[in-house]
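Chemist:
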Amino acid sequence: MNQACVFSAPHWPPRLSRTIHPPRTSLWDNVAVSARRYPDKVAIRFFDRGLTYQDLYTQCEALAGWLHRAGVRAGDRVPVMMQNCPQLVIAHYAVMRANAVVVPVNPMNRAAELEHCIRDAGARLAICSAELADEMVRASEALPESRKLDEILVTRYGDGFGEVNGAAIPEDWRAWLFAEPPTPMSGPRLSQWDDALHSGARPPVLDDNPDTPCLLPYTSGTTGAPKGCVHHHTSIMHNAVACWHWINGDPDSVMLAVLPLFHITGLVCVMHGTLYGGGTLVMMPRWHRDLACRLIEDAGITHWLCIPTMVVDLLGSPDLERYDLSRLAFIGGGGAAMPEAVAERLREIYGLAFVEGYGLTETSGPTHMNPPQRPKLQCLGIPFVSTEVRVLEPDSHVECAEGENGEIAIHGPQVFQGYWNNEDATRASFVVLDGKRFFLTGDLGHRDADGYFHITDRIKRMINAAGYKVWPAEVENILFRHPGIQEACVVAARDPYRGETVKAVVVRRHDHPALGAEDIIDWSRAHMSAYKVPRIVDFVDELPKNGSGKVMWRALL
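Going by our numbering, the sequence shown wraps up at 564, each residue one higher than the last.
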């Protein structure tokens, strides 16, 4: 493919350049610049509270000083685990201001899942919210002495921000939203958020080199062990800036931040993009249909990046007509295909076209986006800003013809550097074509005559449950810890709401003949993230295997 073909799609968004040159600064500089430009403007709204850009800057500087005093040094990895809230944003930027690397952690993770992250990243200090601190402590205590955490910084959701208004809070959120920090008798030292903000410690001299690591999100793989994706400031900055321009963001834009900010799309496109552009983040800790409707109306939400299941739920509200959602100017997202009937209803009611996109943790989010002025449903879109995409024959890596299926491969400034401490996995994930390094996505698809890309299948064995990526081998590894499971194979099952869901096919141990599906489901809820828990459990006497003893998982679909 020659360079002229890189941006050959004829439906490029008007007035948007096909390549950009993002700032050659660190991500921290985005907050510093926005604070100078808009010191009194609300950067973050959380229920009935507002945090200005100046306050955001001041708290990030203060926390960076405490982190430095606590021993965090340049390049250190710091896990951050909490629901969407102002402290999550402050923690991310404070870690970067301390010249360290953020390890975003899914707040649904349980101790068994956290162990690997702490050990593999070599973390000595972590930051989490009060209701999750026990899981972090248990994970640390399960590790060898040399790999345990030394300290955990714990925050209540009202810390450094003011207590939130109880009237606006869904009743079933109260237990965790108002949780107090634990007081364990042993384990890592627990420090309090407000004490850290008022420590008076000064941050180190800023290293503003954009070609240094800033983010280490973990993504699972076919072998089951999650892998850290090394991102420099440059890769995250590119997609933050490009997303903001793609969705026509400006300093008066108001973004609903309900996509989880541990996830690469929420983190890059929602959080980093909005704060780069000087917009306002309206944060929801979790999805709640009626609260979302109230916030869209009361806060004047203009932009909403989401997953299709959220739109399905919102449009199903019997109270939908009570709310004025007229300021909403852009809605889009990815993770799963938007059902055509739902998209049509969205257009009929609000005149909005749902803009789908596609990306991966390894690519800082988008590699494809639909043009806002001409989106196609159930389609990845066209190659994103500054991005070259090829469709390759999976074995030979010869480029496929238009309309022919092959593996989607990505070259662009948003692609990660490689997997943390895993050179073999990094080597296997890239191919060099015409002197350029392309990331092999593991997704099979094709390019149509209009320049839009479509996924048709997956090379890698992965389950897409409402936008959450579930790797069967990781779930299987945890299931094997159950004393009643001899063997287990995890596969995808169709689900009318989530698209796909997790199904476990299990062989019982001979001494657990009464083991039932609900027993396994309940046990799984205690040992893995909720979205990974099998919704369906089937029992068999033996798993189908080929001549070499490998489980033929496709036979169980």
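Glycine is no exception: its CB is placed at the ideal position from the N, C-alpha and C atoms.
Predicted model only: the values in this text are computed from it and were never measured.
Measure the C-alpha to C-alpha separation of arginine 352 and isoleucine 51 and round it to an integer number of angstroms.
Modeler: 31 Å
Chemist: Write down the C-beta distance between leucine 359 and isoleucine 338 rounded to the nearest angstrom, noting that I regard them as a contact closer than 8 Å.
Modeler: The C-beta distance from leucine 359 to isoleucine 338 rounds to 5 Å, short enough to meet the 8 Å contact threshold.
Chemist: Does the Cβ of serine 555 have 16 or more other Cβ atoms within 10 Å, making it buried, or fewer, making it exposed?
Modeler: Residue placement at serine 555 cannot be trusted, given a pLDDT of 48 that sits under 50; what the coordinates show is reported in the next sentence. Exposed, because fewer than 16 other Cβ atoms sit within 10 Å of the Cβ of serine 555.
Chemist: Quick one: give me the first and last residue of the beta strand (DSSP E) that aspartate 502 is part of.
Modeler: If you look at aspartate 502, you'll find it in the beta strand (DSSP E) that goes 492–502.
Chemist: According to the Cβ coordinates, are proline 195 and aspartate 157 closer than 9 Å?
Modeler: yes
Chemist: Closer than 7 Å by C-beta to methionine 244: which residues in its own chain qualify, once you throw out the five before and the five after it? Chain order, please.
Modeler: Pro29, Pro30, Leu34, Pro217
Chemist: On the three-state DSSP scale, how would you describe leucine 564?
Modeler: coil
Chemist: By DSSP, does glutamine 90 sit in helix, in strand, or in coil?
Modeler: coil
Chemist: If contact is defined by three or more beta carbon pairs under 8 Å, each pair taking one atom from either stretch, is the segment 85–96 in contact with the segment 262–273?
Modeler: Segment contact: the segment 262–273 against the segment 85–96, three or more CB-CB distances shorter than 8 Å; contact assigned.
Chemist: Looking at alanine 81: is its Cβ nearer than 9 Å to the Cβ of asparagine 116?
Modeler: no
Chemist: What are the boundary residues of the alpha helix (DSSP H) that serine 147 is part of?
Modeler: For serine 147, the enclosing alpha helix (DSSP H) covers residues 140–148.
Chemist: Can you list, in chain order, the stretches of the beta strand (DSSP E) that have 3 or more residues and sit fully within the segment 292–364?
Modeler: 310–313, 337–340
Chemist: Relative to the C-alpha of phenylalanine 53, which residue among Gly474, Ala247, Ile176, Val558 is closest?
Modeler: Ranking Gly474, Ala247, Ile176, Val558 by Cα distance to phenylalanine 53 puts Ile176 first.
Chemist: Could you please give me the residues that DSSP links to histidine 461 through a beta bridge?
Modeler: His453
Chemist: How is the beta strand (DSSP E) around glutamate 158 delimited, first residue to last?
Modeler: 158–162
Chemist: Would you call threonine 26 buried or exposed, if buried means 16 or more other Cβ atoms sit within 10 Å of its Cβ?
Modeler: exposed
Chemist: From leucine 288 to aspartate 62, what does the alpha carbon distance come to, in whole angstroms?
Modeler: 14 Å
Chemist: For the alpha helix (DSSP H) holding glutamate 483, just list the boundary residues, first then last.
Modeler: Membership of glutamate 483 in the alpha helix (DSSP H) is indicated by the continuous run 479–486.
Chemist: Assuming valine 79 and isoleucine 134 make a contact with CB atoms under 8 Å, what is their CB distance in whole Å?
Modeler: Contact flag wrong, Cβ pair sits at about 10 Å.
Chemist: For cysteine 496, which option in Val512, Phe546, Gly364, Pro382 has the closest C-alpha, if you only look at C-alpha atoms?
Modeler: Val512
Chemist: Can you tell me whether isoleucine 470 is buried or exposed, with buried defined as 16 or more other CB within 10 angstroms of its CB?
Modeler: Its Cβ being crowded by 16 or more others within 10 Å, isoleucine 470 is buried.
Chemist: Answer yes or no: do alanine 119 and arginine 488 have a C-beta to C-beta separation smaller than 9 Å?
Modeler: yes
Chemist: For histidine 75, which residues from the same chain have a beta carbon less than 7 Å from its beta carbon, with the 5 sequence-adjacent residues on both sides left out?
Modeler: Ala105, Ala208, Pro210, Pro211
Chemist: Can you look up lysine 443 in the DSSP assignment and give me helix, strand or coil?
Modeler: strand
Chemist: When the distance is taken between beta carbons, is isoleucine 485 closer than 9 Å to threonine 448?
Modeler: No, these two residues do not count as a Cβ contact at 9 Å.
Chemist: Report the residue ranges of all beta strand (DSSP E) runs contained in full by the segment 25–93; include only those spanning at least 3 residues, in chain order.
Modeler: 49–53, 56–59, 84–88
Chemist: Can you check DSSP and say which residues form a bridge with glutamine 380?
Modeler: According to DSSP, glutamine 380 bridges with nothing at all.
Chemist: Among Arg293, Ala101, His375, which one has its Cα closest to the Cα of tryptophan 180?
Modeler: Arg293
Chemist: Quick one: residues in its chain with C-beta nearer than 8 Å to the C-beta of isoleucine 97, no 5 flanking neighbours on either side, listed in chain order?
Modeler: Leu63, Gln66, Cys67, Leu70, Gly167
Chemist: Can at least three beta-carbon pairs, one atom from the segment 271–283 and one from the segment 391–411, be found at a separation below 8 Å?
Modeler: no
Chemist: Sorted by chain position, which residues of the same chain lie with C-beta nearer than 7 Å to alanine 150's C-beta, five sequence neighbours on each side aside?
Modeler: Residue identity differs from the one stated: residue 150 is leucine in this sequence, not alanine. For leucine 150, where only same-chain residues beyond five positions count, the Cβ hits under 7 Å are Glu122, Ile125, Arg126.
Chemist: By Cβ distance below 8 Å, which residues in the same chain neighbour aspartate 36 in space, the five residues on each side in sequence not counted?
Modeler: Excluding the 5 residues flanking it on each side, aspartate 36 has same chain C-beta neighbours closer than 8 Å at Pro30, Asp215, in chain order.
Chemist: Among Leu564, Ser198, Ala524, which has the Cα closest to the Cα of threonine 190?
Modeler: Ser198
Chemist: Check whether the Cβ atoms of valine 547 and valine 509 sit closer than 9 Å, and answer yes or no.
Modeler: Not a contact, by the Cβ cut-off of 9 Å.
Chemist: If you check the beta carbons only, do glycine 340 and isoleucine 303 fall under 9 Å apart?
Modeler: no
Chemist: So alanine 137 and valine 161 are in contact, right, with Cβ under 8 Å, and what is the actual spacing, rounded?
Modeler: 6 Å
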